[in-house]
Amino acid sequence: EKMGYDHFMIKEIYEQPKAIKDTLSPRIIKEGKLKLDEVNLSREYLNNIDKVYIVACGTAYHAGLLGKSFIEEYAKVPVMVDVASEFRYSNPFIDDRTLMIVVSQSGETADTLAALRLGKERNAKVIAITNVVGSSVSREADHVLYTWAGPEIAVASTKAYTTQVAALALVALDIAVKRGTIDEESLGNILKELKKVSGLVEEIFKDVEDIKEVSNHICKSTNLFFIGRGIDYDVAREGSLKLKEVTYIHSEAMAAGELKHGTLALIEKDTPVIALATQDNLFDKMLSNIKEVKARGAYVVALAKEGNEEIEKSVDKVIYIPKILDKLAGILAVVPLQLLAYYVALERGCDIDKPKNLAKSVTVE
Ligand code: F6R
244 EKMGYDHFMI KEIYEQPKAI KDTLSPRIIK EGKLKLDEVN LSREYLNNID KVYIVACGTA
304 YHAGLLGKSF IEEYAKVPVM VDVASEFRYS NPFIDDRTLM IVVSQSGETA DTLAALRLGK
364 ERNAKVIAIT NVVGSSVSRE ADHVLYTWAG PEIAVASTKA YTTQVAALAL VALDIAVKRG
424 TIDEESLGNI LKELKKVSGL VEEIFKDVED IKEVSNHICK STNLFFIGRG IDYDVAREGS
484 LKLKEVTYIH SEAMAAGELK HGTLALIEKD TPVIALATQD NLFDKMLSNI KEVKARGAYV
544 VALAKEGNEE IEKSVDKVIY IPKILDKLAG ILAVVPLQLL AYYVALERGC DIDKPKNLAK
604 SVTVE
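If you're matching positions, the sequence shown starts at 244 in UniProt numbering and goes up one per residue.
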């Protein structure tokens, strides 16, 4: 049931604070302690792995990209991320020193399941992050970490993504603790920030009028770009996918530094560019990329953290997200992009919950 909302997509966007809380809170016990009994990989095993492979499709793959940045930062082990349809027909370097993580909302995606089987065949241990209890992926994996997002009905995935990202942060921290690559104080700080996320998503909802204003401006566009660096690039890819699938507007996500290697040729007067600039260490670099597209006449909407108001003089519009540890900003930054996709689709009269040509669960290749 839609409980008074016009569409499942918007209902599920608004369910994110609860979904994130349900996923995180049972696993963060009192001050600074992690409780991840579901994934009981031993210290010995984790100190012996030489890489992690994250494999998934679509939005779950985009969550995996953020998983890579958490695991590399906290657990100090290299991470490869691949889409399952490529992975399964590649000849990946996988052996008993590889930890594999598959991410799937439905737990039934054919390519993801095939990837899991390939990993196991090559002696990897597999953790599944999934939203459906008893799903195929959950049955075949060695360990399962459930996202507690509740049923996701809209084809466009929203609360599944944010809970997958939250779950990946927990896995990264668990590996880090067991490998001894994180000290108690840092762990405590990150867990404290994670616990804030759900409340901060609520704050983003207060700015929905700003997002509607941007939707109004871009709803007639035929082509637009999302740019970002680091985590912002990962989130840009999810924002772009969301927009494409529900609004049918062509869009592309670019690593901001890659623009001048070709794509800048497509920026002309009034081309909308959504520029994600939530990372302090990359802020100045993003500002110069923003100036490059502005100089070609782009309509630039920046996504920035509160406190970085100086960006206002360089762009047409700013959407703010609350302050948070930069590594975790992705969980917040995606929310305005989900809302943007929704409101643009609404203005365009699209079939939001069931976009054309798409199915909720892709159980055939
Ligand atoms: C996009 C979307 C898809 C799914 C993908 C994987 O909004 O929902 O890209 O993320 O089909 O599905 P699961 O997670 O069920 O394996």
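A virtual CB, placed ideally from N, CA and C, is assigned to each residue, including glycine.
What you are looking at is a predicted structure, and each value in this text was computed from that prediction instead of being measured.
- Measure the alpha-carbon distance for Leu519 versus Asp339 and round it to whole angstroms. To locate residue 519, count along the sequence shown from 1; it is residue 276. To locate residue 339, count along the sequence shown from 1; it is residue 96. The straight-line gap from Cα to Cα measures roughly 38 angstroms.
- What is the rounded straight-line gap between the Cα of Tyr389 and the Cα of Gly362? Counted from its first residue, the sequence shown places residue 389 at position 146. Counted from its first residue, the sequence shown places residue 362 at position 119. Straight through space, the alpha carbons of Gly362 and Tyr389 are spaced by roughly 20 angstroms.
- Query: Using a threshold of 7 angstroms, is the CB atom of Gln581 nearer than that to any non-hydrogen atom of the ligand F6R?
  - Reply: The residue labelled residue 581 in the question sits at position 338 within the sequence shown. No.
- Task: Identify the continuous alpha helix (DSSP H) that holds Glu495 and give its terminal residues.
- Result: Here the question's residue 495 lines up with position 252 in the sequence shown. Run containing Glu495: none in the alpha helix (DSSP H); it sits in the beta strand (DSSP E), His493 to Ala498.
- Flag Ser349 as yes when its Cβ comes closer than 7 angstroms to any non-hydrogen atom of the ligand F6R, and as no otherwise. Residue 349 sits at position 106 when you count from the first residue of the sequence shown. The answer is yes for Ser349.
- Message: I'd like the span of the alpha helix (DSSP H) that includes Leu486, first residue to last.
- Response: On the sequence shown, residue 486 is found 243 positions in, with the first residue counted as 1. First-last of the alpha helix (DSSP H) with Leu486: Ile474 to Thr490.
- Task: Report yes if the CB atom of Ile474 is closer than 8 angstroms to the CB atom of Gly377, and no otherwise.
- Result: Residue mapping note: residue 474 aligns to position 231 of the sequence shown, counting from 1. Residue mapping note: residue 377 aligns to position 134 of the sequence shown, counting from 1. It is not a contact, given that the beta carbons lie outside the stated cut-off.
- Message: Tell me which residues share the same chain as Leu601 and place their Cβ nearer than 8 angstroms to its Cβ, disregarding the 5 neighbours each side in the sequence.
- Response: Counting from one through the sequence shown, the residue named residue 601 turns up at place 358. Cβ-Cβ distances below 8 angstroms link Leu601 to Val398 and Glu488 in the same chain, with the five nearest sequence neighbours on each side left out; the list follows chain order.
- Please confirm if Ile433 has its CB atom under 8 angstroms from at least one CB of chain D. Note that chain D does not occur in the displayed structure, where there is just one protein chain.
- The beta strand (DSSP E) enclosing Phe468, as first and last residue numbers: For this step, residue 468 is matched to residue 225 along the sequence shown. Start and end: Asn466 to Gly471.
- Option in Phe251, Lys278 and Ile253 with minimal Cα separation from Ala415: Counted from its first residue, the sequence shown places residue 415 at position 172. Nearest option by C-alpha distance: Lys278.
- Item | Rounded separation between Asn466 and Leu289 - CA only | For the purposes of this step, residue 466 is identified with residue 223 of the sequence shown, where counting begins at 1. For the purposes of this step, residue 289 is identified with residue 46 of the sequence shown, where counting begins at 1. Approximately 45 angstroms between the Cα atoms of the pair.
- Message: Quick check: Tyr586 and Ile454, are their CB atoms within less than 8 angstroms of each other?
- Response: Position 343 of the sequence shown holds residue 586. Position 211 of the sequence shown holds residue 454. Yes, these two residues count as a Cβ contact at 8 angstroms.
- Quick one: which unbroken alpha helix (DSSP H) runs of 4-plus residues sit fully inside the stretch 261-289? Chain order, please. With a minimum length of 4 residues, there is no unbroken run of alpha helix (DSSP H) contained wholly in the stretch 261-289.
- Query: Where does the unbroken alpha helix (DSSP H) through Val444 begin, and where does it stop?
  - Reply: For the purposes of this step, residue 444 is taken as the residue at position 201 of the sequence shown. Looking at the DSSP string, the run of the alpha helix (DSSP H) that includes Val444 is Glu427 to Phe448.
- Note down, one range per segment and in chain order, each beta strand (DSSP E) of at least 3 residues found wholly within the stretch 365-436. Within the stretch 365-436, the complete beta strand (DSSP E) segments of 3 residues or longer fall at 368-373 and 386-389, listed in chain order.
- Relative to the C-alpha of Asn283, which residue among Leu443, Val457, Val478 and Ile370 is closest? Against the sequence shown, residue 283 aligns to sequence position 40. In this structure, Ile370 is the residue among Leu443, Val457, Val478 and Ile370 with its C-alpha nearest to the C-alpha of Asn283.
- Task: Report the residue from Ile517, Lys570, Gly550 and Pro579 whose alpha carbon sits nearest the alpha carbon of Asp559.
- Result: Start at 1 with the first residue of the sequence shown, and residue 559 comes out as number 316. Asp559 has its Cα closest to that of Ile517, out of Ile517, Lys570, Gly550 and Pro579.
- Could you spell out the range, first to last residue, of the beta strand (DSSP E) harbouring Val346? In the sequence shown, the residue the question calls residue 346 occupies position 103. It spans Thr341 to Ser347 - the beta strand (DSSP E) in which Val346 sits, taken as one unbroken run.
- Task: Pick helix, strand or coil for Pro579, following the three-state DSSP scheme.
- Result: Position 336 of the sequence shown, counted from the start, is the residue given in the question as residue 579. Pro579: helix per DSSP, three-state reduction.
- Task: Figure out for me which residue from Pro598, Thr521 and Cys593 has the closest Cα to the Cα of Val561.
- Result: For the purposes of this step, residue 561 is identified with residue 318 of the sequence shown, where counting begins at 1. Answer by Cα proximity: Thr521.
- Message: Helix, strand or coil, according to DSSP, for Met323 in the structure here?
- Response: Working through the sequence shown from its first residue, we reach residue 323 at position 80. Annotated three-state conformation of Met323 is strand, per DSSP.
- Under a three-way DSSP split, which group does Leu568 fall into? For the purposes of this step, residue 568 is identified with residue 325 of the sequence shown, where counting begins at 1. Coil, per DSSP.
- Message: Could you check if Cys593 belongs to the surroundings of the ligand F6R, using beta carbon to heavy atom distance under 7 angstroms?
- Response: Here residue 593 is taken as the residue at index 350 of the sequence shown, counted from 1. It does not: the Cβ of Cys593 is nowhere closer than 7 angstroms to a heavy atom of the ligand F6R.
- Between Val326 and the ligand F6R, is the CB less than 7 angstroms from at least one heavy atom? In the sequence shown, residue 326 corresponds to position 83, counting from 1. Flag unset: Cβ of Val326 not near the ligand F6R.
- Task: Out of Tyr404, Gly393 and Glu364, state which residue places its alpha-carbon closest to the alpha-carbon of Asp385.
- Result: In the sequence shown, the residue the question calls residue 385 occupies position 142. Looking at the Cα atoms, Glu364 is the closest of the given residues.
- Rounded C-beta distance between Ala262 and Gly393? I'm assuming under 8 angstroms. Counted from its first residue, the sequence shown places residue 262 at position 19. Counted from its first residue, the sequence shown places residue 393 at position 150. The pair is a contact, with the Cβ atoms about 6 angstroms apart (cut-off 8 angstroms).
- Query: Under the rule that 16 or more other beta-carbon atoms within 10 Å means buried, what is Val305, buried or exposed?
  - Reply: Counting from 1 along the sequence shown, the entry for residue 305 is found at position 62. What sits at residue 305 in the sequence shown is His, not Val. By the neighbour-count rule (16 or more Cβ atoms within 10 Å), His305 is buried.
- Residues of its chain near Thr490, where Cβ-Cβ distance is below 7 angstroms and the 5 sequence neighbours each way are ignored: Mapped onto the sequence shown, residue 490 falls at position 247. Cβ neighbours of Thr490 beyond the five flanking positions: Ala584, Val587, Ala588, Arg591 and Cys593.
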